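A.B. asks: FYI, the working numbering numbers position 427 of the sequence shown as 1059, with every residue one higher than the one before it.
Heads up, the beta-carbon is just placed ideally off N, CA and C, and yes, glycines get one too.
Computed from a predicted model, the values in this text were never measured in an experiment.
Below is a structure I'd like to ask you about.
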Amino acid sequence: MSKYAQLCAHGRGSATLKSISALLAWDQETYMPRGGGDARAEQMALLAGMMHDRTSSKDLGDLIAACESESLDDQQRACVREFRRDYDKQTKLPKSLVEELARTGSKAQDVWKDARKNNDFKAFAPWLSKMVDLSRQKATCYGFEPGGEVYDALLDEYEPNAKARQVESIFKPLGEQLSSLVRELTESGKTPSDAPTKVHAPKDRQHALGMYVLRAIGFDLNAGRLDVTTHPFCEGLAPGDTRLTTRYDERYFPGALYGTMHEAGHGMYEQGLPKCKTHKGPGGDAIESFGTPLADSISLGIHESQSRMWENMVGRGRPFWKWLHKEACDQFAELGKFDVDEIYRAVNIVRPSFIRVEADEGTYNLHVMLRFGIERAMIAGDLSIGDLPGAWNERFKQLLGLDVPDDAHGCLQDVHWSFGLFGYFPTYTLGNLYAAQFWETIRQRMPGLDAEFTRGDFSQLLQWLNQNIHGHGRRYRAGELCEMVTRRPLESRPLLDYLSVKLRDVYGL
């Protein structure tokens, strides 16, 4: 057995432990009884410690070093390179910190649920303070480049090699141009009617519609499922097991429809990764890819590009509604009063609102920029936890022009900070940028997509994504993949062009 094969086998064991932890996290968000929180925290801490032992062991380091001296092809070298990256990060973290992050994050998540429900920031504040402190400790262990900042080390976990100042340089002009577009639309006096989005939509009918859409767009329900949670997410547990979650509001069906499509985009990426496939080892032997970086996602920015593409560029498009109109009207009788164009315009209205996951395409990135600035300040120590609600509300007013009514609609709305996902939020806008650039390329190469979508055929798009995005795993870095697929580096123009053309069409401008 070659050292490379041994390394990949070690990776499979680690990935199996990780999948058990992910299953426990999914259960906590869906079906776990409320009384199980403390025990679950201890379970998560134990597993985190076990995984850390395995992924930072001297044996693993020796295997990686041996493979770095072997004669490998480009794909194998990329695999070893990513094993090295992960190992170097893990060895910088003490086991006690890894366990405490898992334990505190699990408990904080349950506190956040109640705090959000009861609009009680004071109850959550001590736990948020703990997670910020633990995240700073983690970032300090990782280290960061001279002239950089602590936040860079956290951002690198989700978007490898990205830097806060680099992100800021993209976000600032993008935010200004998006704000200008939003003002143009909202002040035009031509806002479409939102009546189609306000029809009564029973939860069971929404679930049925969501399942109908999942089957059509290509999410494999034999290898996945859809459940209900407080904050929607996708969990790619293991080969053949990808879990989606959503939430239902009988007064606003687009929330669940697009939430389901968003998570399905993540899910189809997970299902498209070569987890069930093999690749060649140095001696030509077949090696299982699951557990290796070749079967893992590149970055959260690329992951988010898939969810936003299916949610917005497909799901909020006119061809999609030409196909879905009949089924949606069958599920929601009141929707039959509206034609395709009225529904298409209604689901694309640009209207500043409080909840990020329900935000329209025009304002969504402003929500992300708000969170990026605030969490960066918290990690740097420039914003105290006690001042968070006030800072949030002030910045929200500046960016979106609204007075936040309470913390449940403000700084308590997202689950991410409760379990330490600092550095995660910027990837949402990076995902929109990648999605738009990929979409522009896709439209050029497949001019017949609109006709296919109108017939309910989404297979050509999914096949293209499988081949050009999903199937590479982590062989390429995000920027490298973007340039390879689109023939140019990531830029903001495709997103601005896409939004300007589409939203002006929606508003008849």
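Apply the 10 Å Cβ neighbour rule to residue 720 and answer buried if 16 or more other Cβ atoms are within range, or exposed otherwise.
C.D. replies: Label assigned to residue 720: exposed.
A.B. asks: Using DSSP with H/G/I as helix, E/B as strand and the rest coil, what is residue 1036?
C.D. replies: Correct three-state label for residue 1036: coil.
A.B. asks: Helix, strand or coil for residue 1122 per DSSP?
C.D. replies: coil
A.B. asks: In chain order, what residues of the same chain have a beta carbon less than 6 Å from the beta carbon of residue 881, not counting five sequence neighbours either side?
C.D. replies: 887
A.B. asks: Express the C-alpha separation of residue 819 and residue 868 in angstroms, rounding to a whole number.
C.D. replies: 43 Å
A.B. asks: What separation, rounded to the nearest whole angstrom, lies between the Cα atoms of residue 754 and residue 821?
C.D. replies: 41 Å
A.B. asks: To the nearest angstrom, how far is the alpha carbon of residue 667 from that of residue 739?
C.D. replies: 12 Å
A.B. asks: Do residue 987 and residue 1113 come within 8 Å of each other at the CB atom, strictly closer than that value?
C.D. replies: In this structure, residue 1113 lies away from residue 987, with their beta-carbon atoms at least 8 Å apart.
A.B. asks: Just reading off the alpha helix (DSSP H) that residue 859 is part of, what are its end residues?
C.D. replies: From DSSP, residue 859 is part of no alpha helix (DSSP H) but of the beta strand (DSSP E) over 856 to 860.
A.B. asks: For the segment 961 to 989, which segments carrying the alpha helix (DSSP H) assignment without a break, of at least 4 residues, lie completely within its bounds, in sequence order?
C.D. replies: Complete alpha helix (DSSP H) runs here, min 4: 972 to 978.
A.B. asks: Might you give, ordered along the chain, the residues of its own chain that have their beta carbon closer than 8 Å to the beta carbon of residue 805, omitting 5 neighbours on each side?
C.D. replies: 1124
A.B. asks: What are the start and end residues of each continuous alpha helix (DSSP H) run of 4 or more residues lying completely inside the segment 1019 to 1098, in chain order?
C.D. replies: 1020 to 1032, 1058 to 1077 and 1081 to 1086
A.B. asks: Going by DSSP, what residue range makes up the beta strand (DSSP E) through residue 868?
C.D. replies: 866 to 870 is the extent of the beta strand (DSSP E) around residue 868.
A.B. asks: Taking the continuous alpha helix (DSSP H) assigned at residue 837, which residues delimit it?
C.D. replies: 835 to 849
A.B. asks: What do you get for residue 742, buried or exposed, if any count of 16 or more other CB atoms within 10 angstroms of its CB means buried?
C.D. replies: buried
A.B. asks: Beta-carbon within less than 8 Å of residue 769's beta-carbon, same chain only, minus the 5 sequence neighbours each way: which residues are those?
C.D. replies: 729
A.B. asks: Would residue 854 be called buried (16 or more neighbouring beta carbons within 10 Å of its own) or exposed?
C.D. replies: Counting Cβ neighbours within 10 Å, residue 854 comes out exposed, since fewer than 16 surround it.
A.B. asks: If you compare alpha carbons, which of 938, 865 and 839 is closest to residue 1095?
C.D. replies: Selected option, being the one with the closest Cα: 938.
A.B. asks: Could you pull out every residue in the same chain whose Cβ sits closer than 7 Å to the Cβ of residue 1086, ignoring the five residues on either side in sequence?
C.D. replies: 951, 954 and 955
A.B. asks: If we ignore side chains and look at the alpha-carbon of each, how far apart do residue 1036 and residue 1050 end up?
C.D. replies: Those two C-alpha atoms are separated by around 21 Å.
A.B. asks: Starting from residue 797, follow the alpha helix (DSSP H) in both directions and report where the run begins and ends.
C.D. replies: 796 to 818
A.B. asks: Report the residue from 682, 710, 788 and 655 whose alpha carbon sits nearest the alpha carbon of residue 1056.
C.D. replies: 788
A.B. asks: With residue 691 as the anchor, note down where its beta strand (DSSP E) starts and where it stops.
C.D. replies: Looking at the DSSP string, residue 691 is not in any beta strand (DSSP E); the run it does join, the alpha helix (DSSP H), is 690 to 700.
A.B. asks: To which residues of the same chain is residue 664 closer than 7 Å at the C-beta, ignoring the five residues directly before and after it?
C.D. replies: These residues qualify, in order along the chain: 672.
A.B. asks: Can the beta-carbon of residue 1060 be found closer than 8 Å to that of residue 1133?
C.D. replies: Going by C-beta atoms, residue 1060 is not nearer than 8 Å to residue 1133.
A.B. asks: Do the segment 1058 to 1072 and the segment 1105 to 1122 touch if we need at least three Cβ pairs shorter than 8 Å?
C.D. replies: Contact holds: three or more Cβ-Cβ distances are below 8 Å.
A.B. asks: By alpha-carbon positions, which one of 678, 1107 and 746 ends up nearest to residue 705?
C.D. replies: For residue 705, the nearest C-alpha among the options comes from 1107.
A.B. asks: So what does residue 762 bridge to, in DSSP terms?
C.D. replies: Bridge partners of residue 762: none, in fact.
A.B. asks: Taking the Cβ atom as the reference point for each residue, do residue 1052 and residue 683 lie within a distance shorter than 8 Å?
C.D. replies: In this structure, residue 683 does not lie closer than 8 Å to residue 1052 by Cβ.
A.B. asks: Please name the residue in 646, 633 and 635 whose C-alpha comes closest to that of residue 922.
C.D. replies: 646
A.B. asks: Residue 878 by DSSP, collapsed to three states: which one?
C.D. replies: In the three-state DSSP reduction, residue 878 falls in the strand class (E or B).
A.B. asks: Taking the beta carbon of residue 635 as the centre, do at least 16 other beta carbons fall within 10 Å, making it buried, or is it exposed?
C.D. replies: In summary, residue 635 is buried, with 16 or more beta-carbon neighbours lying within 10 Å of its beta-carbon over all protein chains present.
A.B. asks: Taking Cβ positions, are residue 1040 and residue 751 nearer each other than 8 Å?
C.D. replies: yes
A.B. asks: In whole angstroms, what is the alpha-carbon distance linking residue 994 and residue 681?
C.D. replies: 43 Å
A.B. asks: Give every residue of the same chain whose Cβ lies closer than 8 Å to the Cβ of residue 723, excluding the five residues on either side of it in the sequence, and list them in chain order.
C.D. replies: 688 and 693
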